[in-house]
Structures are given as structure tokens and as C-alpha cells.
Amino acid sequence: MQPEQAQITDIDLLHSVARRDEQALASLYDRYRVILFGLLMRILNSREEAEDVLQEVFLQVWRRAGDFDEQRGRPFTWLVTLARSRAIDRLRLLGARQRVVESAAASTVAAVSDAVTDTLHSEQREIVQRALAELPEEQKRTLLLAYFEGLTQSEIAARLGTPLGTVKTRMRSGLLKLRELLATQMMSLR
Amino acid sequence: MLAAQALNALDANDSQLLEAHLEDCADCRSQLSDLQNTAAYLAFAAIVAKPLEPAADVRARILQVVRSGSPGSNVIPLDQKRPRTWTSAQAWGAIAAGFVFVVLGASLFVLWQQNRATRIELNRVKQQVQEAQTERDKLQEAFALMTAPGTRMTELAGTSAMPGAHATLAFDKNGRAILMAKGLPAPPEGKAYQLWFIAGGRPMPGKVFVTDASGAGMLNDQIPAEALNAAVFAVTLEPKGGVQQPTGAMYLKSS
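In order, the protein sequences belong to chains B and W. If you count by numbering that gives the first Met the number 0, then the first sequence holds residues 0 to 189, one letter each, in order. If you count by numbering that gives the first Met the number 0, then the second sequence holds residues 0 to 254, one letter each, in order.
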């Protein structure tokens with residue numbers, strides 16, 4: 000997969016960024032802008048906020064690339080975690096603005112989709128979405144509420160009117176099942 | 000908890016507990032890292048229809064900040080104006096503004112300090128009021144107990160170790176008791192006086208109390224049922240948390 004990236008790994012790029020290589024930062028941006036922007040749009044539901052946070056995320060990557068420890072996790076996980084936590088911080092800052100989660104943000108915002116990047120992540124997207132579709136609806140819902148709305152277990156329990164214990168079980172089962180479903184398929188994409 | 004932590008969905012308490020555990024559990028750390036990888040893939044679920052492109056100038060803005068060497072500032076304005084020279088009016092304006100700023104800052108600081116001093120004073124007064132109320136409640140309770148019909152009084156006399164001490168124990172038929180002591184010096188650091196109920200030669204521990212600089216002290220306690228009749232009352236000096244068996248010198252004893 001991703002043949003044009005085969006020569007330089009994400010880890011190499013992060014190491015270069017840590018050595019103040021601007022070009023490496025630009026490459027990392029080109030590689031992940033679409034998936035990260037998609038994530039930020041889903042959480043913030045505002046192009047303006049999402050672009051602002053995307054900028055913050057990459058400036059943080061620039062400052063903190065030296066902290067990245069390949070023993071402790073993968074670059075993709077590091078980037079997504081960074082982006083998600085920044086976005087959720089911003090979301091809290093903006094106040095719990097009313098958002099319709101399930102309605103696709105994409106339909107209301109002009110999609111400046113690019114054929115090349117579209118193909119870039121399409122395979123992973125398909126795998127993840129297929130795996131999610133296999134989860135029981137409540138498990139999937141619990142995962143997505145935590146992931147895209149940044150809700151804690153108690154907040155989810157309150158939101159859904161479900162006992163906390165049930166939320167905990169669903170979250171655990173859901174993520175473990177997802178890991179199992181993704182394990183084999185994602186391995187081939189690494 | 001690991002799954003929830005991978006999604007940052009743990010409530011604060013649980014999260015703290017888990018963090019503490021992770022410090023010394025390499026196995027859980029590696030499981031967490033694994034689950035975080037899975038969670039990261041959820042980002043792909045964000046793109047429901049067509050992938051979106053951020054505006055082209057985001058990339059340019061990032062690189063511009065990076066090149067300017069000040070990535071400390073997170074956001075730079077979209078329209079970077081060309082450098083300008085200051086007119087003297089602007090310069091004077093800036094100096095005046097700077098002066099106002101300094102004055103405001105200084106006033107704020109003074110106000111802040113005053114506010115802080117006032118709050119400290121307020122807390123002190125509140126505490127005094129609370130202490131006075133507690134004291135008053137205790138006295139009222141003592142008064143109520145001593146004036147209630149059927150309340151008995153027993154005198155405790157100072158032993159040879161503390162001949163100047165004296166106490167009165169008032170108690171009702173339910174065992175509700177108040178001890179009022181005089182002439183007991185304030186106990187040394189880490190020590191306190193403890194009341195004992197001795198029935199059939201067996202001492203039963205009561206509560207501990209301290210006395211003030213004037214040598215006066217007061218204690219509310221509950222006399223055990225088996226000690227209500229025919230008990231001897233005594234006060235010893237013990238470690239301040241109290242003990243189960245008397246260990247220190249006896250200062251007061253009823254006859």
C-alpha cells in the first residue's frame with residue numbers, strides 16, 4: 000500500500016522533523032492532512048475550527064517530534080491522538096455546541112476532494128467502516144460517542160440513560176472486537 | 000479500564016488509579032499501547048462521505064510559522080501586513096498606552112493584594128466564630144445535661160501526681176456524660192488526657208481531651224452500660240490518639 004511512501008517511513012520523517020527538517024514536516028502534512036482533517040471536521044463540525052486545529056497540531060508536531068518514542072507507539076497513533084485531544088480541548092472551549100453527530104458533516108461543507116488523496120486512505124477507511132458495521136449497534140455507538148465527542152464513561156451513561164456498568168462493558172467489548180476485526184486486515188497495510 | 004483509557008473516556012478518578020498502576024505494570028502499558036493503535040484507526044471512521052481537503056493555505060501557514068522560528072505562537076494571521084514605520088503620534092500614543100498599562104497593572108496588583116489580605120482576615124474571623132459556636136454548643140450541652148432531672152454528678156480529685164487538679168463528671172441514666180476538669184496543665188506535644196471507666200477492676204477506655212493554658216478542659220463522652228453503676232472514673236496522660244489500656248500516670252480519680 001501507499002507505494003509512494005515506501006522509501007521513507009513515518010518514523011524517519013518524525014526523526015527528521017525532530018532535527019528541524021521543514022521538508023519532513025511538509026511531507027508528514029501531505030501524508031496525513033486528509034485523514035486528520037477528516038477527524039477534526041467530524042469532531043468540530045466547522046471548517047474554520049478544524050483548519051485552525053490542524054495548524055496547531057502540526058506546529059505541535061514540529062515542537063514535540065523529539066518526544067515521540069517509537070518504542071511506545073506508532074507515528075500514526077501519535078498523530079491521531081494528538082489531533083483528537085487538541086480537537087476535544089477545542090470542543091470543550093467552544094462550549095457544548097449543538098452538533099448533529101450522525102448527519103454527515105461532509106454534506107453541509109463544500110468537499111474539496113482530491114482524487115489522489117481520496118485513493119490514499121480509501122482502503123483503510125473501507126476496512127474500518129466494514130469492521131465497525133460488524134459491531135453491535137450499542138457498542139459502536141458507545142465507541143463513537145467517546146471518540147468523536149470526547150465523552151467520558153459517566154457522561155455517556157448519562158447521555159444514553161444507560162447504567163455506567165453497561166457502558167463500561169460495551170466500550171471494552173467494542174474496542175476488543177474492533178481490534179480483533181482489524182488485526183489481520185490492517186497488518187497487511189502497515 | 001484499558002479500553003476506556005485508550006479512548007480517553009475514563010472518568011478522572013479511574014484515570015488516576017490506572018495511571019498509578021501503569022507506572023509499574025509493563026504488561027498493561029503494552030496492552031494499552033495496542034488498544035491505542037486500534038482506537039487511532041477510528042479516525043478513518045470520521046470520513047463518512049468524500050474526504051475533505053483543508054484549505055491550501057493551512058500548509059503554507061504552518062511552514063511560515065516554522066520558518067519564522069517562532070512555533071511558540073500557534074496561529075498567525077492570514078494577512079501578514081508589510082512592516083511599517085511608526086509616526087511620532089503613534090509612538091507617543093504607544094508610550095502613553097504603555098504608561099496606562101503599567102499603572103493599570105500596578106493598581107491591579109495592589110487590589111489583588113488587598114483582596115487577598117481581606118480574604119485571609121475573613122477566614123480567620125470565620126474560624127473564630129466557628130470555634131466560639133462550638134464552645135457555646137458544648138457549654139449549652141453541659142448546661143442541659145446538668146440541669147436535667149436524674150443527672151448524677153461525681154467528683155474526681157487530683158492524685159498525688161497532680162494534687163491541684165479537680166474535675167466533675169455529670170452523667171444521665173443513658174450514660175451521656177460530660178467531664179469538666181480544672182488544674183490540669185496543657186498536655187505535652189503528642190499527649191492527651193484520657194478518661195477511663197473502671198468497673199469490677201477492669202478499665203474501659205473513654206475519649207481523650209486536652210486542656211487549655213488555664214488548665215481547663217471539657218469532654219463529652221458516653222459511659223458504657225456496664226460501667227453506669229458502681230464505676231470508678233479516672234483520667235490518665237496517654238498518647239494523643241488514646242489507648243485501650245492505661246499506660247500513663249493517673250492524675251484524676253473518683254472516690
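We put the beta carbon where it would ideally sit given N, CA and C, even for glycine.
Top-ranked residue by Cα proximity to residue 205(W), from 179(W), 47(W), 165(W) and 232(W):
Position 206 of the second sequence, counted from the first residue, corresponds to residue 205(W). Ranking 179(W), 47(W), 165(W) and 232(W) by Cα distance to residue 205(W) puts 232(W) first.
Tell me the rounded alpha-carbon separation between residue 0(B) and residue 30(B).
Here residue 0(B) corresponds to residue number 1 of the first sequence, with the count starting at 1. Here residue 30(B) corresponds to residue number 31 of the first sequence, with the count starting at 1. Reliability fails at residue 0(B), whose pLDDT of 41 lies under 50, so the model's placement of it is uncertain and no value is given.
Return the first residue and the last residue of the beta strand (DSSP E) that residue 197(W) is part of.
On the second sequence, residue 197(W) is found 198 positions in, with the first residue counted as 1. From DSSP, the beta strand (DSSP E) with residue 197(W) extends over 190-198.
Rounded to whole angstroms, what's the CA-CA distance from residue 48(B) to residue 91(B)? Just pull it up for me.
In the first sequence, residue 48(B) corresponds to position 49, counting from 1. In the first sequence, residue 91(B) corresponds to position 92, counting from 1. Roughly 12 Å between the two C-alpha positions.
Thinking just about the alpha-carbon of each residue, which of 23(W), 216(W), 4(W) and 151(W) is nearest to the one in residue 193(W)?
Looking up residue 193(W) in the second sequence gives position 194. Closest option to residue 193(W), Cα to Cα, is 216(W).
Is residue 50(B) close to the ligand GTP? I mean its beta-carbon at under 7 Å from any heavy atom of the ligand.
Within the structure as shown, the ligand GTP is missing, as the structure has no ligands at all.
If we count Cβ pairs, one from each stretch, closer than 8 Å, do we get three or more for the stretch 70-87 of chain B versus the stretch 37-44 of chain B?
yes
Looking at chain W, which residues of the stretch 132-165 of chain B have a Cβ within less than 8 Å of any of its Cβ atoms?
142, 143, 145, 146, 147, 149, 150, 151, 152, 153 and 155
Compare the Cα-Cα distances from residue 21(W) to each of 4(W), 214(W) and 229(W) and report the closest residue.
Position 22 of the second sequence, counted from the start, is the residue given in the question as residue 21(W). Residue 21(W) has its Cα closest to that of 4(W), out of 4(W), 214(W) and 229(W).
Would you say residue 63(W) reaches chain B, if we count a Cβ-Cβ gap shorter than 8 Å as a contact?
One-based indexing of the second sequence puts residue 63(W) at position 64. Answer no: the Cβ-Cβ gap between residue 63(W) and chain B never drops below 8 Å.
Alpha carbon to alpha carbon, how far is residue 171(W) from residue 146(W)? Give it in angstroms, no decimals.
Residue numbering aside, residue 146(W) sits at position 147 when the second sequence is read from its first letter. Residue numbering aside, residue 171(W) sits at position 172 when the second sequence is read from its first letter. For residue 146(W) and residue 171(W), the distance between alpha carbons rounds to 10 Å.
Beta carbon proximity, residue 27(B) to chain W, threshold 8 Å:
In the first sequence, residue 27(B) corresponds to position 28, counting from 1. Taking Cβ atoms only, chain W never reaches closer than 8 Å to residue 27(B), which makes this a no.
Give the secondary structure of residue 58(W) by DSSP, where H, G and I count as helix, E and B as strand, and everything else as coil.
Your numbering for residue 58(W) matches position 59 in the second sequence. In this structure, residue 58(W) counts as helix in the three-state DSSP scheme.
Compare the C-beta of residue 76(W) against all C-beta atoms of chain B and say whether one is closer than 8 Å.
Taking the first residue of the second sequence as 1, we reach residue 76(W) at position 77. Summary for residue 76(W): the model assigns pLDDT 45, below 50, so the residue's position carries little reliability; its value from the coordinates is reported in the next sentence. It does not; no Cβ of chain B falls within 8 Å.
Can you tell which of 78(B), 35(B), 151(B) and 56(B) has the C-alpha that lies nearest to the C-alpha of residue 170(B)?
Here residue 170(B) is taken as the residue at index 171 of the first sequence, counted from 1. The candidate whose alpha carbon is nearest that of residue 170(B) is 151(B).
Residues from the stretch 78-93 of chain B in contact with chain W, defined by Cβ distance under 9 Å
78, 79, 80, 82, 83, 84 and 87
Chain-order list of residues whose beta-carbon lies under 8 Å from that of residue 82(B) (same chain, five-residue window excluded):
In the first sequence, the residue the question calls residue 82(B) occupies position 83. Excluding positions up to five away in sequence, the list reads 35, 38, 39, 52, 53 and 56.
For residue 150(W), name the three-state secondary structure that DSSP assigns.
Position 151 of the second sequence, counting from 1, holds the residue named residue 150(W). Correct three-state label for residue 150(W): coil.
Buried versus exposed call for residue 183(B) [16 or more other C-beta atoms within 10 Å across all chains shown]:
Residue 183(B) sits at position 184 when you count from the first residue of the first sequence. With fewer than 16 other Cβ atoms within 10 Å, it is exposed.
Should residue 188(W) be flagged as near chain B, meaning a C-beta pair shorter than 8 Å?
Within the second sequence, the letter at position 189 stands for residue 188(W). No - not a single Cβ of chain B is within 8 Å of the one on residue 188(W).
For a contact defined as C-beta to C-beta under 7 Å, what are the partners of residue 65(B) on chain W?
Taking the first residue of the first sequence as position 1, residue 65(B) is located at position 66. Per Cβ cutoff of 7 Å: no residues; residue 65(B) is ~13 Å from chain W at best.
Going along the stretch 197-219 of chain W in order, which residues come within less than 7 Å of chain B, judged by CB to CB distance?
none
Exposed or buried, what is residue 207(W) when buried is set at 16 or more other beta-carbons lying within 10 Å of its beta-carbon?
The count along the second sequence starts at 1 and reaches residue 207(W) at position 208. Residue 207(W) comes out buried.
In three-state DSSP terms, what is residue 36(W)?
By one-based count along the second sequence, residue 36(W) stands at place 37. It is helical.
Would DSSP call residue 16(W) helix, strand or coil?
For the purposes of this step, residue 16(W) is identified with residue 17 of the second sequence, where counting begins at 1. Helix.
Here's the rule: buried if 16 or more other CB atoms are within 10 angstroms of the residue's CB, otherwise exposed. What is residue 173(B)?
Along the first sequence, one-based indexing puts residue 173(B) at 174. Burial call: buried.
On the criterion of 16 or more Cβ atoms from any shown chain inside 10 Å, does residue 105(B) qualify as buried, or is it exposed?
Along the first sequence, one-based indexing puts residue 105(B) at 106. In this predicted model, residue 105(B) has a pLDDT of only 38, less than 50, meaning its place in the structure is not dependable; the value taken from the coordinates is given anyway. Residue 105(B) should be labelled buried.
Where residue 12(B) meets chain W, residues with beta-carbon distance less than 8 Å
As a position in the first sequence, residue 12(B) is number 13, starting the count at 1. Those within 8 Å of residue 12(B) in chain W number zero; the least Cβ separation is about 14 Å.
Classification of residue 61(B) by the beta-carbon crowding that lies within 10 angstroms, buried from 16 upward
One-based indexing of the first sequence puts residue 61(B) at position 62. The residue in question, residue 61(B), is buried, as its Cβ has 16 or more Cβ neighbours within 10 Å.
Residue 171(B): contacting residues in chain W (beta-carbon distance under 9 Å):
As a working note, residue 171(B) is residue 172 in the first sequence. The contacting residues are 0, 1, 2 and 3.
What residues of chain W sit near residue 21(B), judged by a beta carbon separation below 8 Å?
Taking the first residue of the first sequence as position 1, residue 21(B) is located at position 22. Within 8 Å Cβ-Cβ: 62, 65 and 66.
Could you work out which residues of chain W lie near residue 128(B), taking near to mean beta carbons separated by less than 8 Å?
In the first sequence, the residue the question calls residue 128(B) occupies position 129. Going along chain W in sequence order, the residues near residue 128(B) (Cβ under 8 Å) are 43 and 44.
I want to know whether the stretch 25-35 of chain W touches the stretch 131-141 of chain B - three or more CB-CB distances under 8 Å.
no
Does any C-beta atom of chain W lie closer than 8 Å to the C-beta of residue 18(B)?
On the first sequence, position 19 is the one that residue 18(B) refers to. Not one chain W Cβ lies under 8 Å of residue 18(B).
What do you reckon, are the CB atoms on residue 237(W) and residue 191(W) nearer than 8 Å?
Numbered from its first residue, the second sequence carries residue 237(W) at position 238. Numbered from its first residue, the second sequence carries residue 191(W) at position 192. It is a contact, given that the beta carbons lie within the stated cut-off.
What is the rounded straight-line gap between the Cα of residue 179(B) and the Cα of residue 34(W)?
By one-based count along the first sequence, residue 179(B) stands at place 180. By one-based count along the second sequence, residue 34(W) stands at place 35. Answer to the nearest angstrom: the Cα atoms are 10 Å apart.
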